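Comments concern the structure below.
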Amino acid sequence: MYSEMNYESIKHQILSKINTIDTREGSFTNDMVSPISLELADAYQNIMKSIQLMFLDTTEKNYLEMRAKEYGIERKSGTYASGYVTFAGKGGTAILRGSLVSTITSTLFETTEDAAIDETGTVTVPVIAKAIGNEYNVLPGMLCILPITINGVTSVTNKVVTLGGTGIESDDSLRDRVLLQLRSPATSGNAAHYRLWAMAVDGVADARVYPLHNGNGTVLVMPISSDKRALDQDVLDTVYNYIEGTRPIGASVSVAAPNEVFINVDCALTISPNSNLSAVQAEFAERFEQYIKDCVFRTNVIDIYRCVSLLYDCNGVDQVQYFKLNDSNVNLTIGDKDIQVPGIINLIELGVL
Numbered sequence: 084m085y086s087e088m089n090y091e092s093i094k095h096q097i098l099s100k101i102n103t104i105d106t107r108e109g110s111f112t113n114d115m116v117s118p119i120s121l122e123l124a125d126a127y128q129n130i131m132k133s134i135q136l137m138f139l140d141t142t143e144k145n146y147l148e149m150r151a152k153e154y155g156i157e158r159k160s161g162t163y164a165s166g167y168v169t170f171a172g173k174g175g176t177a178i179l180r181g182s183l184v185s186t187i188t189s190t191l192f193e194t195t196e197d198a199a200i201d202e203t204g205t206v207t208v209p210v211i212a213k214a215i216g217n218e219y220n221v222l223p224g225m226l227c228i229l230p231i232t233i234n235g236v237t238s239v240t241n242k243v244v245t246l247g248g249t250g251i252e253s254d255d256s257l258r259d260r261v262l263l264q265l266r267s268p269a270t271s272g273n274a275a276h277y278r279l280w281a282m283a284v285d286g287v288a289d290a291r292v293y294p295l296h297n298g299n300g301t302v303l304v305m306p307i308s309s310d311k312r313a314l315d316q317d318v319l320d321t322v323y324n325y326i327e328g329t330r331p332i333g334a335s336v337s338v339a340a341p342n343e344v345f346i347n348v349d350c351a352l353t354i355s356p357n358s359n360l361s362a363v364q365a366e367f368a369e370r371f372e373q374y375i376k377d378c379v380f381r382t383n384v385i386d387i388y389r390c391v392s393l394l395y396d397c398n399g400v401d402q403v404q405y406f407k408l409n410d411s412n413v414n415l416t417i418g419d420k421d422i423q424v425p426g427i428i429n430l431i432e433l434g435v436l
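Each residue of the sequence shown is one higher than the last, beginning at 84 in the working numbering.
Set out below in structure tokens:
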């Protein structure tokens, strides 16, 4: 009802009630009414915004946090990625706690312990990210820069991926958790309750719960990250400890990572003359990745015809000669404790029509 209360309609309503003096454009009365109408229009707009902030579906930012706290839910603050780097150089060189290492894009980590290069010429040291965020989950070999030179060190690298970095929880994620709690029958330690408990931990976006997985009184919880991947052991331990402090007495809880099944694509196709294979591959990779992620915890079947349809939706694709998922030309079915992960996409161009 307030959406119609704009500047023009308010001004018209006020002027329509004045009958004894001149109200034409440019008149003294018209000029006096204009700023009042503008202020009233702003007030009505603020009322509309206030109404939207009252409801979970439309509220945001601090107001969403206040609504969430009414149900005992707080926004996740994000976590720091961690891992290990290996320094190489002269034996005996000291690596002080707080020494910086970086990627070529200036993603900074710092060492968390004092160490020294041994007689073999190397030493491996734990590191932690300088800030929270997914971008600090870096692949092996990417931490290769010393922002501040350390005399005696010739190189540095991370031999394994750094894990555990998550950003501040988004409004959509926080809203989904609140609505899930309100709409799910999470009571007395049922499956929905265990799912909510797991999702309350930083770094966990969703979880699958297996009641009675190993007999009466047992529960298995399998949490995953926001990018629909298995979580590292540190996060799994945090989930376990959180649930242990919350669950009903008598339940035996296990927390484990689901098995990741990589879904690879092999395909031969023809494309139109004004297209190129790299563009087709990039577009299909994006569509395929989203489809696979949407399947996680929803279905154990990867529909090959759906995947082919995604390829045909890409600009420039004329004909698909053959299409295989993990060397199979039929639907793939994964296990109940598996999750799908986008794998290698190999597109071969047979010719240009």
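Idealized CB from N, CA, C, for every residue including glycine. As the structure is a computational prediction, the values presented were derived from the model and not from experiment.
The Cβ neighbour count for Arg278, taken over all protein chains shown within 10 Å, is at least 16; the residue is labelled buried. For Ser308 and Asn217, the gap between their C-alpha atoms comes out near 10 angstroms.
With fewer than 16 other Cβ atoms inside 10 Å of its own Cβ, Met115 counts as exposed. For Ser165, the uninterrupted beta strand (DSSP E) segment begins and ends at Ser165 to Gly172.
As summarised for the stretch 225-306, the continuous beta strand (DSSP E) elements at least 3 residues long and confined to that stretch are 236-240 and 289-294, given in chain order.
DSSP places Pro118 in the uninterrupted alpha helix (DSSP H) bounded by Phe111 to Gln135. Shown here, Val379 sits in coil according to DSSP, grouped into three states, outside any helix or strand.
Judged by DSSP secondary structure, Asn324 falls within the alpha helix (DSSP H) whose first and last residues are Gln316 to Glu327. A residue is called buried once 16 or more other Cβ atoms fall within 10 Å of its Cβ, and Pro230, having fewer, is exposed. Ser182 sits away from Ile228, with the two beta carbons spaced by 9 angstroms or more.
A direct Cα-Cα distance of roughly 12 angstroms separates Gly161 from Tyr219.
A straight-line Cα-Cα distance of about 28 angstroms links Pro331 and Asn342. For the pair Val318 and Gln264, the Cα-to-Cα distance works out to about 22 angstroms.
At least 9 angstroms separates the beta-carbon of Leu246 from that of Ala214.
Contact between Met225 and Thr169 is absent: CB atoms are separated by about 13 angstroms, not below the 8 angstroms threshold. According to the DSSP secondary-structure assignment, Asp349 is paired through a beta bridge with Lys407 and Asn429.
Our two residues, Thr194 and Asp255, have alpha carbons roughly 34 angstroms apart in a direct line. The three-state secondary structure of Asn398, taken from DSSP, is coil. The beta carbon of Ile211 lies closer than 7 angstroms to those of Tyr163, Ser165, Phe192, Glu193 and Thr195 in the same chain, with the five residues before and after it left out. The shortest CA-to-CA distance from Ala275 to any of Phe345, Val302, Ile354 and Arg180 is the one to Val302.
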